[in-house]
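In terms of this note's numbering, the sequence shown opens at residue 130 and continues consecutively.
Comments concern the structure below.
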Amino acid sequence: MGNNEFTDYYNILGVHQTASNEEIKKAFRSKAKHKHPDSGGLENEFILLKQAYDTLTDQSKRIEYDKEFNTYRETYRKNDSNSNINNVIVSSGSDNAPSKKFQMINLVKYVGAFSVLIGIVVMFFAFLNNAITSKAHVLSSVEQKQWIENDKILKTEPQPTADKIEGKQSENNVPKKESQTSAVNESKEPKLDAQSSKPQIEGKIEGNPSKNNIPQKEPQTSAVNEGKEPKLEAQSSKPPIQTTEPKPSKAETKNEVTTVETRAQEDTIQRGTSKETVKAIMGTPTRILDVGPIATWYYGRSTVTFTNDRVTGWDNSGGNLKLVQASTESGGSLSTGSTTNDVKAIMGTPTRILDVGPIATWYYGRSTVTFTNDRVTGWDNSGGNLKLEQTSTESGGTFSTGSTTKDVKAIMGTPTRILDVGPIATWYYGRSTISFTNDKVSGWDNSGNNLKLRH
């Protein structure tokens, strides 16, 4: 943290500096349900909430943070009139608020400056209105003079008679051009007659009809053709030569497949791809949003997310990202604890990946799969397309507080949705939910009236 920047983690979690770890965890669970991206929260706010939770629940990190917090609070109290105090980022606790006197002074300053600004704007519009009005008067007087002069000129000019109008129309008559073109055509016709008379002159010179007779050439060409036909038949009588290509061996085909797969991976994006490779594949992005180690590149409606210059997620809403396509296994199913590789082999490449530290969410249409440290911890099968492991339920079984996740799964079956935030998890069965803390039932909501509760 810089000297002029400070993030109040206690205020973010909504707890006092003397709050215990249990109070901090309880506050984090409450806020995480609303700020998690799967619940409609903002990604940046959830990241900040997770940082506050990780810092304050770690004893060593909290001691170091409290030292900075106390130093910041004392400095803020002593220098509340200093203008640099406005550079502090997050600070809304009761101990950190400026004094009322300082707030009143700032309020008076802002009101005075705002009043002066309004006065300047009013004066500017008044001046502009006067200028436009005076210009309009000048233009109207000039236009009136021009209209009067034009009217005088029109009255003094003689009006054209009907004979003159007819004479002009006759000069512009189009049929005269047709007569000219016909005369030109007539002048050209004698030349054509002179050319047509040439064959009569050539007829007088005819003295050797055998030489000038064109039909005599036909038997020559036919004779030539008859002489060539036997040669063609002799060539066609030869048997055709058949060529056979050698079949590639199995080792060669395997090498070709691996080469194709390697080229496909080089020309496509996947998790871990560097920025340079993405730029070489997709080109220069239309927009870049960089927040510390996290960066987002925009390609139209699609995005690619980087953490420390490596791809950690994407959103292929535009359908234009060149993503690596994983081959899926038939008959496979996923459950809690499945790895990212298992899910990719079962479900294929996700259309979107949202990665926030150890927590990642993969999107398959309207359904999602949530990972913590690359292991499945939850899902939301709203699209009904996830290949979930279906467990057989026990007839007559019931659960209560303290039941394990395995007990609930055996009684209720696979949940349609799992929301996992640290030690807190929520399983959804239609409109009903079951809450777990450290894999033990801690509560439920039987709105759908379908939970098998122990009475």
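Glycine included, every Cβ here is placed at the ideal spot set by N, Cα and C.
Only a predicted model underlies this, so the values are computations on that prediction, with no experimental measurement involved.
Using only alpha-carbon positions, find the residue among the options that is nearest to residue i.
i	options	result
GLY486	GLY542, ASN449 and VAL550	VAL550
ALA424	ILE410, ASP509, VAL498 and LYS404	LYS404
PHE157	THR186, THR457, GLN146 and PRO166	THR186
ARG439	VAL498, ASP419, PHE565 and GLY401	GLY401
ARG583	SER532, GLY507, THR527 and VAL144	THR527
LEU177	GLU151, ASN140 and SER189	ASN140
THR200	VAL407, PHE253 and PHE135	PHE135
SER576	THR562, ASN567 and VAL570	THR562
SER168	ASP509, GLN180 and PRO414	ASP509
ASP471	ARG481, ALA455, ILE482 and THR480	ALA455
LEU517	TRP491, SER532, THR545 and GLY494	THR545
THR506	VAL237, ASN579 and ILE488	ILE488
GLY494	GLY542, TYR182 and THR480	THR480
GLU174	ALA161, THR184 and ASP183	ALA161
THR543	PRO552, GLY559 and GLN519	GLN519
SER459	LYS538, LEU257, LEU515 and ILE247	LEU515
VAL144	GLU172, ALA181, ILE553 and GLY170	ALA181
By a C-beta neighbour count over all protein chains shown, 10 Å radius and 16 as the cutoff for buried, is residue i buried or exposed?
i	result
SER210	Caution is warranted here: a pLDDT of 48 is assigned to SER210, below 50, making its placement in the model unreliable, and the coordinate value is therefore given only provisionally. Looking at its Cβ environment, which holds fewer than 16 other Cβ atoms inside 10 Å, SER210 is exposed.
ASP137	buried
LEU142	buried
MET252	exposed
PHE565	buried
LEU548	buried
ALA255	exposed
THR530	exposed
HIS163	exposed
ALA352	Residue placement at ALA352 is poorly supported in this model, since its pLDDT is 40, which falls under 50; the coordinates are not used for a value here.
ASN445	buried
GLU203	exposed
GLU347	Caution is warranted here: a pLDDT of 47 is assigned to GLU347, below 50, making its placement in the model unreliable, and the coordinate value is therefore given only provisionally. Its Cβ having fewer than 16 others within 10 Å, GLU347 is exposed.
PHE243	exposed
ILE540	buried
SER521	exposed
HIS165	buried
SER431	buried
LYS179	buried
So, are the CB atoms of residue i and residue j less than 8 angstroms apart?
i	j	result
GLY512	SER496	yes
TYR428	ASN449	yes
THR434	ASP484	yes
THR478	VAL453	yes
LYS473	ILE398	no
GLY461	ILE475	yes
GLY442	ILE482	yes
ASN437	PRO414	no
VAL570	SER532	yes
TYR558	LEU580	yes
ASP183	GLN146	no
THR534	ASP568	yes
Tell me where the alpha helix (DSSP H) around residue i begins and ends.
i	result
ALA455	Note, ALA455: premise wrong, no alpha helix (DSSP H); not H, not E.
LEU178	172-186
THR413	Looking at the DSSP string, THR413 is not in any alpha helix (DSSP H), and its letter there is neither H nor E.
SER159	150-164
ILE585	Any question about residue 585 goes unanswered here, given that the chain covers just 130 to 584.
THR140	In the sequence on display, residue 140 carries Asn and not Thr. Per DSSP, ASN140 belongs to the alpha helix (DSSP H) from 138-142.
THR534	534-541
Residue i lies in the beta strand (DSSP E); which residues open and close that run?
i	result
LYS569	569-574
ASP509	504-509
ASP549	546-550
THR562	561-566
THR555	553-558
Considering only heavy atoms of the ligand GTP, does any lie closer than 7 angstroms to the CB of residue i?
i	result
PHE198	In terms of ligand content, the structure shown is empty, and the ligand GTP therefore cannot be addressed.
Unbroken stretches of the alpha helix (DSSP H), 4 residues or longer, contained in the segment 421-497: 469-476
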